[in-house]
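J.: A single structure is presented below for examination.
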Amino acid sequence: MHRFEATRKVSKPPEVVFDYIVDPDNGPAWSSSAKSVRAEGDEGVGRKLITKAGMMGMTFDVENEVTAYDRPSTYAFGGSSPFEVSFSFDIQADGDGSAVTGVVEVDPGKFFPVGGKLVARQFKKIFEKDVDSLMKNIEAL
Numbered sequence: 779m780h781r782f783e784a785t786r787k788v789s790k791p792p793e794v795v796f797d798y799i800v801d802p803d804n805g806p807a808w809s810s811s812a813k814s815v816r817a818e819g820d821e822g823v824g825r826k827l828i829t830k831a832g833m834m835g836m837t838f839d840v841e842n843e844v845t846a847y848d849r850p851s852t853y854a855f856g857g858s859s860p861f862e863v864s865f866s867f868d869i870q871a872d873g874d875g876s877a878v879t880g881v882v883e884v885d886p887g888k889f890f891p892v893g894g895k896l897v898a899r900q901f902k903k904i905f906e907k908d909v910d911s912l913m914k915n916i917e918a919l
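The sequence shown begins at 779 in this note's numbering and counts up by one.
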């Protein structure tokens with residue numbers, strides 16, 4: 779299992795950050811691998827998130843479930859299809875804005891046809907760019 783963490787600050791309050799992150803329609807705007815995201819079920823723990831994704835030259839469907847939902851401070855989701863991955867966001871008030879810590883844990887197994895270390899490095903680069911994109915989009919609100 780590979781774990782990557784990134785903390786960024788934005789000038790928006792935690793409620794604005796949380797609402798942006800939990801809206802599945804926003805996923806493709808900040809997550810470079812998400813081509814589309816749709817949700818099944820009510821907001822909160824147990825909601826299904828179905829993503830058409832692409833990375834490293836492959837296209838695939840990802841099914842995740844919301845595992846933590848505590849507005850406005852905690853949001854997490856994860857799943858095991860087509861490989862094990864989980865994302866979590868911790869959002870804390872920081873002055874007039876927010877400090878946002880994103881964490882991804884991933885075990886791609888043998889899903890990708892390249893070595894594990896190469897996949898891990900690629901996930902780290904993608905994750906860091908996606909967190910930067912997320913913060914940029916939130917700042918623009």
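Virtual Cβ for every residue (Gly too), placed ideally from N, Cα, C.
When DSSP builds the beta bridges, which residues end up paired with N842?
T.: L827
J.: On the CB-based measure, 16 or more other CB atoms within 10 Å of its CB, does G880 come out buried or exposed?
T.: buried
J.: Among the candidates D839, M833, F796, F889, whose CA atom is the shortest distance from the CA of Y847?
T.: F796
J.: Of the choices I799, P791, K787, whose alpha-carbon is the least far from that of F865?
T.: I799
J.: What residues in its chain sit with their C-beta under 6 angstroms from that of E818, if we drop five residues either side in the sequence?
T.: K826
J.: Can you tell me whether M779 is buried or exposed? The criterion is at least 16 other CB atoms within 10 Å of its CB, across all chains shown.
T.: exposed
J.: Quick one: is D908 buried, meaning 16 or more other Cβ sit within 10 Å of its Cβ, or exposed?
T.: Buried, because 16 or more other Cβ atoms sit within 10 Å of the Cβ of D908.
J.: For V788, collect the residues of the same chain with a Cβ closer than 7 angstroms to its Cβ; drop the 5 residues on either side in sequence, then sort them by chain order.
T.: V795, G875, S876, V878, M913, I916, E917
J.: For A812, does the count of other Cβ atoms within 10 angstroms reach 16, so buried, or fall short, so exposed?
T.: buried
J.: Identify the continuous alpha helix (DSSP H) that holds G805 and give its terminal residues.
T.: 805-808
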